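S.K.: Note that the protein sequences, when read in sequence, are chains A and B.
First residue of the first sequence? That's 2 in this note's numbering, and the numbers climb one at a time after it.
First residue of the second sequence? That's 3 in this note's numbering, and the numbers climb one at a time after it.
Here a beta-carbon is modelled for each residue, glycine too, at the ideal position from N, C-alpha and C.
As the structure is a computational prediction, the values presented were derived from the model and not from experiment.
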Amino acid sequence: MFTETPVARKNVAVNRAMAILFLLMTVAIVLPLLGILSYLVVKAAPVLDIEFFTTFPKNNMKEGGIYPAIVGTFWMVTVSLLLSAPVGILAAIYLNEYARESWFTRIVNLAVVNLAGVPSIVHALFGVGAFVLITGRPCILAASMTLGIMTLPVIIASTKQALAAVPMPFREACWNVGATRWQTIRTIVLPNSISGILTGVILQVSRAAGETAPILFTGAVFFRRELPHSLHDQSMTLSMHLFSIATQGGQVPEAIQYGTAVALVGLVLAVNFTSILLRIYFRSRKKW
Amino acid sequence: MVTSILPPALDGVDARDLSVWYGTRKVLEGITFDARRGEILGIIGPASSGKSTLLKCVNRTLELVPYSRMTGTLFVEGMDVARITDVQALRRKVGMVFPLPVGLPLSVYDNVAYAPRMAGLRRKVVLDEIVEKSLRQAALWDEVKDRLNLLGTRLSGGQQQRLTIARALSHEPEILCLDEFSIAVDPVTTMKIEDVLVDLKKEITILLVTNLVQQARRLADRVVFLNAGKLVEFGKTEVLFGENPRERLTFDYVRGKFG
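1. Chain A beta carbons: is any one of them nearer than 9 Å to that of Val83 (chain B)?
2. Measuring straight from C-alpha to C-alpha, what distance separates Phe260 (chain B) and Asp254 (chain B)?
3. Is the region 70-78 of chain A touching the region 111-131 of chain A in the sense that three or more CB pairs, one from each, lie closer than 8 Å?
4. Using a Cβ cut-off of 8 Å, pull out every chain B residue sitting near Phe171 (chain A), in sequence order please.
5. With which residues is Met98 (chain B) paired in a DSSP beta bridge?
6. Distance, Cα to Cα, Lys1 (chain A) vs Thr248 (chain A)?
7. Compare the C-beta of Gly159 (chain B) against all C-beta atoms of chain A and say whether one is closer than 9 Å.
8. Between the beta-carbon of Ile37 (chain A) and the beta-carbon of Val266 (chain A), is there less than 9 Å?
9. What would DSSP say about Asn16 (chain A), mapped onto helix, strand or coil?
10. Specify whether the region 223-233 of chain B and the region 170-182 of chain B touch according to this definition: at least 3 beta carbon pairs, one from each stretch, less than 8 Å apart.
11. Would you call the region 149-162 of chain B and the region 102-114 of chain B touching, i.e. three or more CB-CB distances under 8 Å?
12. As a quick exercise: from B:Ala141, B:Ser136, B:Ala170 and B:Ile206, pick the residue whose alpha carbon is nearest that of Thr192 (chain B).
13. Short of 9 Å Cβ to Cβ, which residues in the region 188-207 of chain A face chain B?
14. At a CB distance below 9 Å, what residues from the region 208-229 of chain B approach chain A? Give them in sequence order.
15. Suppose only complete runs of 4+ residues qualify. What are the alpha helix (DSSP H) ranges in the region 63-146 of chain B, listed by chain order?
16. Would His173 (chain B) pass as an interface residue toward chain A - the criterion being a Cβ-Cβ separation below 9 Å?
17. Rounded to a whole number of angstroms, what is the C-alpha to C-alpha distance between Thr275 (chain A) and Ala165 (chain A)?
18. Under 6 Å Cβ to Cβ from Glu174 (chain B), same chain only, skipping five residues before and after it: list those, please.
19. Counting only beta-carbon separations shorter than 9 Å, does Tyr255 (chain B) have a partner in chain A?
20. Just confirm the distance between the C-beta atoms of Leu29 (chain B) and Ala174 (chain A), as a whole number of angstroms; I'd bet it's less than 8 Å.
21. Taking 8 Å as the cut-off, does the region 204-220 of chain A touch the region 114-128 of chain B (at least 3 CB pairs, one atom from each stretch)?
22. With burial defined as no fewer than 16 other Cβ atoms inside 10 Å of the residue's Cβ, what is the status of Thr55 (chain A): buried or exposed?
23. Closest Cβ-Cβ distance between Ser285 (chain A) and chain B: below 9 Å?
24. Taking the C-alpha atoms as reference points, what is the distance between Asn246 (chain B) and Thr34 (chain B)?
25. Look up Phe227 (chain B) in the DSSP assignment and give the residues it is bridged to.
26. Distance check for Ser21 (chain B) and Thr155 (chain B), CA to CA, integer angstroms please.
27. Can you grab the Cα-Cα spacing for the pair Val211 (chain B) / Ile45 (chain B), in whole Å?
28. Which value, in whole angstroms, describes the spacing of the CA atoms of Gly251 (chain A) and Ile122 (chain A)?
29. Can you give me the C-alpha to C-alpha distance between Val222 (chain A) and Thr152 (chain A), rounded to a whole angstrom?
30. Buried or exposed, going by whether 16 or more other CB atoms sit within 10 Å of the CB of Gly128 (chain A)?
31. Give the interface partners of Glu102 (chain A) over in chain B, defined as CB-CB distance under 7 Å, in chain order.
32. With a cut-off of 8 Å on the beta carbons, I'd call Thr239 (chain B) and Gly14 (chain B) a contact; round off their distance for me.
33. Tell me whether Glu64 (chain A) is buried or exposed, calling it buried when 16 or more other Cβ atoms sit within 10 Å of its Cβ.
34. So for Asp36 (chain B), helix, strand or coil by DSSP?
35. Hey, how far is the Cα of Asn213 (chain B) from the Cα of Leu24 (chain A)?
36. Classify Thr147 (chain A) as buried or exposed, calling it buried when 16 or more other Cβ atoms lie within 10 Å of its own Cβ.
Structure below.
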């Protein structure tokens, strides 16, 4: 007998209401993003051309482009990830594949979680106190190290997650036929977690590119007449540039401010998009 | 339990007064038995009686279980496993097959060639030979010989189990441990594998953990009956399955009256 009882009707109604609620929330998180993007692009439209992205600022930022800021951001992000990605990935491999639960690993895990929660301005002060002292003066290296410390815990966490997603029986099967832990990691674990690991690292690109506070005192400058030549030079960056021209009390034309924002957001979106493509590519090769 | 002071035999497995703890929980208590080359030793007993743990002691994968501890002595091919420094070599001497098949996310060929490669073997001709021999022994060769590049994880459950057995044989073990291998396998495949085991035991020692007492009766030369971590009875299959086993518990268990 399949007659509908009042309880069944109520369950169906509640289920439908919940589905609609979830859908609305999903739409609600997409709308602001689209809103922000279109607002930025419309406001920046007057300055958006190739020249804006390939020339130096002129006339005290009131004219010209943002080329050195783009180059500087590229430097900072690249160097910071070159420092934090290897350390973070290798540490995560140790924590997930080798370490047994002990007071040591518990402390390390606690430290990672807490480091991830430290506000970026605190990282900045630490960078001034530690890295600038080492390098002698604010420079790209000191700023990148500060950014690196900031991204490190997240890279460790995301790498650990990617490694843990490889089913345990694969490892046991390898150990049982006499493979060492490293052989197992090299042949089975890493090939099957590399997409997750890379995604985690790439997402930190956008975070490192967007932060202003950590580089404010450690290596970013308001204006510089030339591109950085080495890691010991200071550099302009997009986030720093946006921060300074936006706080100059309306002297810099609005379109330039919004143009800089478009460049920054565009960079972040491009990077995220790359990580999505990468994930799709690796998932198509997934083997179980 | 009296611990034998006789020197260990140079083949098979010798367990003497073996106890295992997981944390403070004792899962095996004073187990003593032996298994010789040329025989199949059946290990039977109800759920959580310690059968699988016993196998883990043989290739020392027990130490990968957090908070595990083993006392007593276990000899594999005359070597005290606790004193072996090259544990990878020990694990190559012991083939392991678990209840659920695990095809590694590699091709069929690479699945079987995995162990020899990890042991340092590189020559294609030799690897080809090992792969074919192992797959034939596991009664899988005819089904996969034309698609060795297929992913192992894409095979059917029964095929994956035979792939697992082929992998366990690929490093030419002296001891083969099977833990409920027929759980995920259809009856026809089970019979095929059973024939393979009878054939294999001429050269090696086989430890067969099984929940199917009739399987133990069919295949085993001697049987260990475990219950709640203790060895209830150890002896010839005819005796344990006969009218007069030493223990009443054995009599009841093999007739399905408990467990």
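M.R.: Well, looking at it:
1. Val83 (chain B) has a beta carbon lying at 9 Å or more from every beta carbon in chain A.
2. Cα-Cα distance, rounded: 6 Å.
3. no
4. Val104, Leu106 and Pro107
5. In the DSSP output, where bridge partners are listed per residue, Met98 (chain B) has B:Cys179.
6. Here chain A has residues from 2 to 289 only, and residue 1 (chain A) is not among them.
7. no
8. Yes, Cβ-Cβ distance for Ile37 (chain A) and Val266 (chain A) is below 9 Å.
9. helix
10. no
11. The region 149-162 of chain B vs the region 102-114 of chain B: in contact.
12. B:Ala141
13. Thr188, Ile189, Pro192 and Asn193
14. none
15. 89-95, 110-120, 126-139 and 143-146
16. yes
17. 23 Å
18. none
19. no
20. For the record, residue 29 (chain B) in the displayed sequence is Val; it is not Leu. Their Cβ separation, rounded to whole angstroms, is 23 Å, which puts Val29 (chain B) and Ala174 (chain A) out of contact at 8 Å.
21. The region 114-128 of chain B vs the region 204-220 of chain A: no contact.
22. exposed
23. No - not a single Cβ of chain B is within 9 Å of the one on Ser285 (chain A).
24. So the two alpha carbons sit approximately 22 Å from each other.
25. B:Ile46 and B:Glu235
26. 36 Å
27. 5 Å
28. In a straight line, the C-alpha of Gly251 (chain A) is about 26 Å away from that of Ile122 (chain A).
29. 21 Å
30. buried
31. Pro68
32. 17 Å between Cβ atoms; not a contact.
33. By the Cβ-count criterion, Glu64 (chain A) is exposed, with fewer than 16 other Cβ atoms from all chains shown falling within 10 Å of its own Cβ.
34. Secondary structure at Asp36 (chain B): strand, using DSSP grouped into helix, strand and coil.
35. 49 Å
36. buried
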